[in-house]
Structure formats: C-alpha cells, structure tokens
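Report on the structure given below.
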DNA sequence: TGACTTGTCAAACACTTGTTTGAATTATGT
DNA sequence: ACATAATTCAAACAAGTGTTTGACAAGTCA
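Residue numbers (the working numbering), protein chains in the order written: chain F, 1 to 221; chain V, 1 to 221.
In structure tokens:
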C-alpha cells in the first residue's frame, strides 16, 4: 500500500480520475470557497470514491493548490494576453485590444468560468498560490499594458503616471466582475449580456481612458 | 426558561453581551466568512458562553444578518457620503470630495475596518442581506454621484454616459480594495499608506476622470 | 504463473460543527 | 423579602467534516 502516488505519471491519459477531480474541485471551490467545499461533494461530481482525493493529492489543501495551478494553465491557453495585434500597431489600437481581451476573459461563461471565481476568492483570502499566480501570469500582463500606456503618455515606463493610469484602466474592467452583485441589483439589465455589449463596454473604457490620458495634468510629488 | 429574548430591550446599555457578540462576530466573519467562522471563536472573543449566540440571536445565520445591519449603521455614521461640501459648490469640487470620502472609507483602519471585508465577501457570496444594503446605502450614494457626473457632462442624469462614467469613477476607487492582494504583490510599497497618499490618489482619480469626461466622445447605440 | 504495484471501494475513525439542555446565577418587580 | 423573569453556564447531543483503514480488483513485469 502506498499513500502518495508517483510524482510523475508515465501515461497522463490513463489517469482520468485525477483530471475529473481537478475539474469537479474547481467548480465546488468556486461555488463555496475552500472551507465550504466538501471532499464528498467533489468526489461525487467526479464520480470517484471518498478516498480518491487523499490518494491522488494527499489532502484537501494540496488539491486546492493544484486546482489553482490547473486553472492558471487552462486560462492562459484559452486567453492569450494580446491576441492578433501586430507589433507596430498604434498604441490606441493595442489598448483597445488589451481592454477587450480582458473583458472577454472576465465575462467568460461556460465550463471554465469557475476559474475567475476561484481567482476572485484569492482576492479576499490570499493563499500561497496567489504569489506564483501574480508573478507568472499578472506581472507579464501589466508589463504589456505599461508599455502601451507609456507610449500613449509619451514618457518612460517607470513614470508614476504610467502606474496610476494603468491601474485606472484595469480597474474599470475588473469592476464589473468584482461588483457584479451590486451592479446587477442597481440596474438589473445593465450588465453586458452578449458580445456586442462587451464590445460597447470596451469602447467606452477605451475612449474614457484615452481621453483622460491625453488631457490629464502631470502629478506633483 | 425562555428561548428568545424580548423583541425590545428596555435598557440597551445593560445588554452588553449582545453588543460584544456583534463586534466579535464582525471580526470573525470578516476574517473567514460565514462558513469558516465558528460560534465558539465568536463567543470566546466576546467573552461569552457558547450558548450566548443561540440565546440572543436564535441561530448563527440571524447573527450574521444582524452583523451586516450593525456594520451598515456604523459605517454610515462614521462616513457621511458627502462631507462638508456646500450645495452650490462647483461639480469638480463635489467630485473630488466624493472620491476622497470613498477612498477614506476603503482604506479605513482601526476597529471598524472589518465592515469593508464583510461587504467584500458579499460580492462573491451575496446573501439576502445584500439586497437591503444596496437599496438603503448604495443606491442613494450612486444617486449623488450621478447628479455630479450629469452636471459635469452637461446632460440629463438618465443618460447612458452618466452611468458608464459613474462606474468608471467608482471602479478606480474600489480597485485598490478589491485587488489589494495583487497590487501589494506587484508593487509592495505602492499602496497608499497614509492620509497624504490617499489624498494624492484621490487627486489622480479626480484629474483622470475629469479629463476623460470633458473630452470623451458620445457613445453610439 | 506469481509476486508486486496501482487504483478503487465501503466502512469506520477522530474531530469539529451548530445547537440544545437543564441547572445555577443574576436581575427585576411587587 | 419573596417570586418571577432574564441571563449565563458547563455539559452533552446529533450531524457533518477530513482522513485512515484494510480488503479487493486490475494491471505490470519478472
């Protein structure tokens, strides 16, 4: 008998239970968070035995960390940071593409939508998994945005205005995700429902931010 | 023996246990959410017996609802929506005051800071308590902001641009609360630390938003 | 074939949870 | 002072939790 599985599996395709557990755990963790999620519910949805989690992952906490890494990889392959924009394009076009891509990620429905919820939970209860997530996934993305903003502001990327304006741009996108319960209660039918609505929202945020950056006075220290 | 206390207490000051429970429960709920919070921990911090919650509130869920109402009242009395701004002041001044007040609420430290965390948890796990919170506390506040924005845009308050720009403004403020784990990891020393930093951030958001609203093109439907 | 590993299963274990109980204590009103 | 209500307390309860166990089946390689 063995308590921990081999660190590397010879044939990944044969290990379906593990993948089922990751997918099911992602859903359950997204719905209720780490504490509220029960191994019994996860195993039930995965069609696995109660002991499957302890066998494949050791314990519930290790499963959660693996779920975050799994979601990280899945999200990256589904949403490339800057899709289909040439290097020499004008920064305004790049900004529009960046914002639109970010909004699409936020309003993504379907089987992988739980990834966003798990990430949102990390905002109020950060675990050690957030550290690598920030470094590997978010820092490169804000780096791209910084370059675009610096180009528009016509100043070096390490200027404080770049950071402030960058946050102002990202915040307008994430708002609709982080505050959707409030937004939907304030205006039940005003959350973008389809691709067209997302496009209009991307247009507003782009226009709003471009107008701001081209007329905002320099900050004083 | 009696299971439920009188609906109205003759002398509120004599009932300290109830208040201690509300304060302690607020902290514990803020730290771990509803599920993770245990009545034993709440009672321990309140210096009360295990059975105190069931005696004073009936059950754990009723206690949570009462905690939210309690926090709601406390926050309103500590942070009036538009402090010290005369009715006839220019809309730019009102906007600056509104943003600064919102930021002060967000970055509030001290014994009442747990209120914001509980509210943030409602964003990802809305309970029935959020409904009344949105209606009683948030809708009036956004109403004030709408009027200011409409004045700046010089258009009726029910214009779609008012709603979009209003969200753009609020989002920039709430961002630093909702994404503080990410922001602090990306730039460890860039979160505003003191009143001066909050003031500078309020200046940026105000300038950014004013510049945007005065130069943003009208949206097309 | 036969020892050996890998994976699954139902059952049980040890522990924590929210809640209830009934007695003990304190406050209140006449 | 007395009787009654209000409140607190330690102990126990029933239900649910993550985890462990040991048996069992299926594959692997000598």
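Just so you know, even glycine gets a beta-carbon here, dropped at the ideal spot from N, CA and C.
Quick one: which chain V residues come within Cβ less than 8 Å of residue i?
{"i": "residue 28 of chain F", "result": "What residue 28 of chain F touches in chain V: nothing, since even the nearest Cβ is about 13 Å away."}
Could you tell me the alpha carbon to alpha carbon distance between residue i and residue j, rounded to whole angstroms?
{"i": "residue 155 of chain V", "j": "residue 149 of chain V", "result": "9 Å"}
{"i": "residue 84 of chain F", "j": "residue 64 of chain F", "result": "33 Å"}
{"i": "residue 141 of chain F", "j": "residue 169 of chain V", "result": "23 Å"}
{"i": "residue 60 of chain F", "j": "residue 36 of chain V", "result": "15 Å"}
{"i": "residue 45 of chain V", "j": "residue 58 of chain V", "result": "19 Å"}
{"i": "residue 128 of chain V", "j": "residue 184 of chain F", "result": "14 Å"}
{"i": "residue 165 of chain F", "j": "residue 38 of chain F", "result": "42 Å"}
{"i": "residue 53 of chain F", "j": "residue 114 of chain F", "result": "20 Å"}
{"i": "residue 171 of chain V", "j": "residue 48 of chain F", "result": "42 Å"}
{"i": "residue 22 of chain V", "j": "residue 147 of chain F", "result": "48 Å"}
{"i": "residue 25 of chain V", "j": "residue 204 of chain F", "result": "42 Å"}
{"i": "residue 116 of chain F", "j": "residue 69 of chain F", "result": "13 Å"}
{"i": "residue 62 of chain F", "j": "residue 190 of chain V", "result": "32 Å"}
{"i": "residue 80 of chain V", "j": "residue 87 of chain F", "result": "49 Å"}
{"i": "residue 10 of chain F", "j": "residue 56 of chain F", "result": "Reliability of the predicted coordinates at residue 10 of chain F is poor, the pLDDT of 34 falling under 50, and no value is obtained from them."}
{"i": "residue 178 of chain F", "j": "residue 43 of chain V", "result": "32 Å"}
{"i": "residue 98 of chain F", "j": "residue 66 of chain V", "result": "43 Å"}
{"i": "residue 175 of chain F", "j": "residue 167 of chain V", "result": "8 Å"}
{"i": "residue 158 of chain F", "j": "residue 132 of chain V", "result": "44 Å"}
{"i": "residue 162 of chain V", "j": "residue 93 of chain V", "result": "18 Å"}
{"i": "residue 173 of chain F", "j": "residue 27 of chain V", "result": "30 Å"}
{"i": "residue 15 of chain F", "j": "residue 197 of chain F", "result": "41 Å"}
{"i": "residue 145 of chain F", "j": "residue 192 of chain V", "result": "22 Å"}
{"i": "residue 245 of chain V", "j": "residue 195 of chain F", "result": "The displayed coordinates of chain V run from 1 to 221. Any statement about residue 245 of chain V would go beyond what the structure contains."}
{"i": "residue 31 of chain F", "j": "residue 31 of chain V", "result": "19 Å"}
Can you tell me the Cβ-Cβ gap for residue i and residue j, rounded? I've got them flagged as a contact below 8 Å.
{"i": "residue 74 of chain V", "j": "residue 112 of chain V", "result": "6 Å"}
{"i": "residue 124 of chain F", "j": "residue 19 of chain V", "result": "No, residue 124 of chain F and residue 19 of chain V are not in contact; Cβ-Cβ is about 26 Å, not under 8 Å."}
{"i": "residue 103 of chain V", "j": "residue 201 of chain V", "result": "6 Å"}
{"i": "residue 76 of chain V", "j": "residue 139 of chain V", "result": "Their Cβ separation, rounded to whole angstroms, is 13 Å, which puts residue 76 of chain V and residue 139 of chain V out of contact at 8 Å."}
{"i": "residue 107 of chain V", "j": "residue 212 of chain F", "result": "No, residue 107 of chain V and residue 212 of chain F are not in contact; Cβ-Cβ is about 23 Å, not under 8 Å."}
{"i": "residue 215 of chain F", "j": "residue 215 of chain V", "result": "5 Å"}
With distances taken Cα to Cα, identify the nearest neighbour of residue i among the options.
{"i": "residue 90 of chain F", "options": "F:210, F:217, F:60 and F:216", "result": "F:210"}
{"i": "residue 71 of chain F", "options": "F:199, F:96 and F:29", "result": "F:29"}
{"i": "residue 206 of chain V", "options": "V:157, V:46 and V:152", "result": "V:152"}
{"i": "residue 109 of chain V", "options": "V:97, V:34 and V:78", "result": "V:78"}
{"i": "residue 160 of chain F", "options": "F:217, F:203, F:51 and F:50", "result": "F:217"}
{"i": "residue 130 of chain V", "options": "F:180, F:119 and F:165", "result": "F:180"}
{"i": "residue 187 of chain V", "options": "F:143, F:98, F:66 and F:40", "result": "F:143"}
{"i": "residue 40 of chain F", "options": "F:50, F:162, F:163 and F:126", "result": "F:50"}
{"i": "residue 134 of chain V", "options": "F:43, F:118 and F:182", "result": "F:182"}
{"i": "residue 105 of chain F", "options": "F:214, F:199 and F:215", "result": "F:199"}
{"i": "residue 118 of chain V", "options": "V:15, V:33 and V:215", "result": "V:33"}
Would you mind telling me which residues of chain F sit closer than 8 Å to residue i, beta carbon to beta carbon, in chain order?
{"i": "residue 138 of chain V", "result": "182 and 186"}
{"i": "residue 163 of chain V", "result": "187 and 190"}
{"i": "residue 142 of chain V", "result": "186"}
Give the interface partners of residue i over in chain V, defined as CB-CB distance under 7 Å, in chain order.
{"i": "residue 171 of chain F", "result": "171, 172 and 175"}
What in chain F is Cβ-close to residue i, meaning under 7 Å?
{"i": "residue 44 of chain V", "result": "By Cβ distance, chain F contributes nothing, its closest Cβ being about 19 Å from residue 44 of chain V, past 7 Å."}
{"i": "residue 92 of chain V", "result": "Within chain F, no residue comes near residue 92 of chain V; the closest Cβ sits about 13 Å away, beyond 7 Å."}
{"i": "residue 134 of chain V", "result": "182, 185 and 186"}
{"i": "residue 167 of chain V", "result": "175"}
{"i": "residue 179 of chain V", "result": "123 and 174"}
Under 9 Å between beta-carbons, which chain F residues line up against residue i? List them in chain order, please.
{"i": "residue 35 of chain V", "result": "32, 33, 35 and 36"}
Since residue i meets chain V, which of its residues come closer than 9 Å, beta carbon to beta carbon?
{"i": "residue 231 of chain F", "result": "No information on residue 231 of chain F is available, as it lies outside the stretch 1 to 221 that chain F covers here."}
Can you determine whether any heavy atom of the ligand SAM sits closer than 8 Å to the C-beta of residue i, and answer yes or no?
{"i": "residue 70 of chain F", "result": "In the structure on display, the ligand SAM does not appear, and there are no ligands present to speak of."}
(message) Along the stretch 115 to 131 of chain V, where does the CB come closer than 8 Å to a CB of chain F? Name the residues.
(response) Considering only beta carbons, the part of the stretch 115 to 131 of chain V lying closer than 8 Å to chain F consists of 117, 120, 121, 122, 123, 124, 125, 126, 130 and 131, in chain order.
(message) For the stretch 197 to 212 of chain F, list every residue whose C-beta sits within 9 Å of some C-beta in chain V, in sequence order.
(response) Within the stretch 197 to 212 of chain F, the residues whose Cβ lies closer than 9 Å to some Cβ of chain V are 200, 201, 203, 204, 205, 207, 208, 209, 210, 211 and 212, listed in chain order.
(request) Taking only beta carbons into account, state which residues of the stretch 96 to 115 of chain V come closer than 8 Å to chain F, listed in chain order. (result) If the cut-off is 8 Å between Cβ atoms, the stretch 96 to 115 of chain V has nothing near chain F.
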